[in-house]
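Residue numbers (the working numbering), protein chains in the order written: chain A, 2 to 154; chain B, 93 to 416.
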């Protein structure tokens, strides 16, 4: 990253405590390599994710957001991820409809035993966000960003 | 009096009659309805508690406020004069435990659409409208020295033109014309907008958000926005900036719309209240369409249906999930 001088995306990853966070842990203890682009935030359940968290991340400097929870049917709280899935479907469509998403916001299911899958998800999401380049739409205080009023005047 | 004029005053009379009876029999402590506003193109929501005040109640094409707005957490028995969209908001509020069905006596009024006073005023320019008279097909506007006749149907609010539920979905008594035509469900506006390039759509959002002054009139007018503390007002932590910085304004509008996903009854109160003419419902319309397409739900139509975001199906759409 810094050594090569190449731009790497910053991705905020909201991982549920019971599956995806444990999956990330397993990836680490198993010494599986994956891009160092993610900043993990542990949450009790993917159902805890308020769309506000996702938008706030984008405002505060994230190039992408990954939300990951238990596979359907495996939620520690039984139905949290099912509720989350409905919210995410609507949110992703809404952001896309307003020309905002372009694939910066991603969702996945990773169980506690899927360290390898977790690494692959991070690789995949990083590749997608890297291809999009630095985020500039909602991010605050970005010179030359699409909301930078001084640049438009 | 011509038969056309008679039609609106007939409705007003029937509302008064119902209100008088309810107050007399103690079936309601308050009647929530409309009285003549102090401005020519406005009807003003009013709360009638005495039989002698019942004469204040009126009905016309300026009763645009969604009066369901006044119900959450209100105690006691009340009667409410409800249009189609108001009644849909009532359904949602009952389902969300903000008011109980037993508390309510609903005087349903089939609605022929509310008049877009913004457009009428723009049409009249700087001439102050002293009097507006409504006929079945036309709207007669008088200024100090002139008179103008407009086509009533032409000057309805856009969402009234597209109204799919002009007849209240729940009511205890229905007055007026129970055989109004309703529009077909049509999301072509959402599709047309979706056909633009992402850059054009983003530019549109930026342009609309740029008009917003963050007065929250849209939120305050909305019958479904009743949180004790709104996410934009929370200061610890402060999630959304309070200035009109575009990024914050866009987040406010996206989330305001999202919080209404599957609950928005398409009454248009937000846009009617907006002093800056922001195209607020652009966002709500997309969610309305998605909720219909993905979860087969229309808000405020049945007391038995569970809100789409309060339930799930095992086979809900999930094609957007990352599969490495």
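Idealized CB from N, CA, C, for every residue including glycine.
Original post:
Three or more beta-carbon pairs under 8 Å between the region 273-283 of chain B and the region 328-335 of chain B, yes or no?
Top reply: no
**OP:** Would you give the residue range spanned by the alpha helix (DSSP H) that residue 138(B) belongs to?
**Re:** Looking at the DSSP string, residue 138(B) is not in any alpha helix (DSSP H); the run it does join, the beta strand (DSSP E), is 135-140.
**OP:** Would you mind telling me which residues of chain A sit closer than 8 Å to residue 404(B), beta carbon to beta carbon, in chain order?
**Re:** 80, 83, 84, 86 and 87
Original post:
Does any CB atom of chain B fall closer than 8 Å to the CB of residue 75(A)?
Top reply: By this cut-off, residue 75(A) is not an interface position.
Original post:
Going by C-alpha distance, which of 266(B), 113(B), 350(B) and 378(B) is nearest residue 142(B)?
Top reply: Looking at the Cα atoms, 113(B) is the closest of the given residues.
Subject >> chain B contacts from the region 114-132 of chain A (Cβ-Cβ distance under 8 Å) >> reply: Hits within the stretch, in order: 118, 121, 122, 124, 125 and 126.
**OP:** Compare the C-beta of residue 286(B) against all C-beta atoms of chain A and say whether one is closer than 8 Å.
**Re:** yes
Subject >> Sufficient close CB pairs (3 or more, under 8 Å) joining the region 336-350 of chain B to the region 64-80 of chain A >> reply: no
**OP:** Could you tell me the distance, in whole angstroms, from the CA atom of residue 172(B) to the CA atom of residue 133(B)?
**Re:** 22 Å
Subject >> 8 Å contact criterion, which residue 256(B) and residue 301(B) should meet: CB distance rounded >> reply: Contact flag wrong, Cβ pair sits at about 28 Å.
Original post:
Between the region 220-231 of chain B and the region 267-277 of chain B, do at least 3 Cβ pairs fall closer than 8 Å?
Top reply: no
Subject >> Host beta strand (DSSP E) of residue 170(B) (start-end) >> reply: 170-174
**OP:** Please report how far the alpha carbon of residue 404(B) lies from the alpha carbon of residue 388(B), in whole angstroms.
**Re:** Rounded to the nearest angstrom, the two C-alpha atoms are 12 Å apart.
Subject >> Contact with chain A by residue 154(B), beta-carbon distance below 8 Å >> reply: no
**OP:** Just mark residue 154(A) as buried or exposed, buried being the case when its beta carbon has 16 or more other beta carbons within 10 Å.
**Re:** No answer about residue 154(A) holds up, because its pLDDT of 45 lies below 50 and its placement is not dependable.
Original post:
Going along the chain, which residues of the region 89-105 of chain A sit with their C-beta nearer than 9 Å to a C-beta in chain B?
Top reply: Residues of the region 89-105 of chain A with a Cβ closer than 9 Å to any Cβ of chain B, in chain order: 89, 90, 91, 92, 93, 94, 95, 96, 97, 98, 99, 100, 101, 102 and 103.
**OP:** Look at the Cβ atom of residue 128(B), then the Cβ atom of residue 146(B), and state whether they are nearer than 8 Å.
**Re:** no
Subject >> Proximity winner among 203(B), 227(B), 248(B) and 195(B), relative to residue 213(B) (alpha-carbon distances) >> reply: 248(B)
**OP:** Would you list, in chain order, the members of the region 40-60 of chain A that have their beta-carbon closer than 8 Å to a beta-carbon of chain B?
**Re:** 52, 53, 56, 57 and 60
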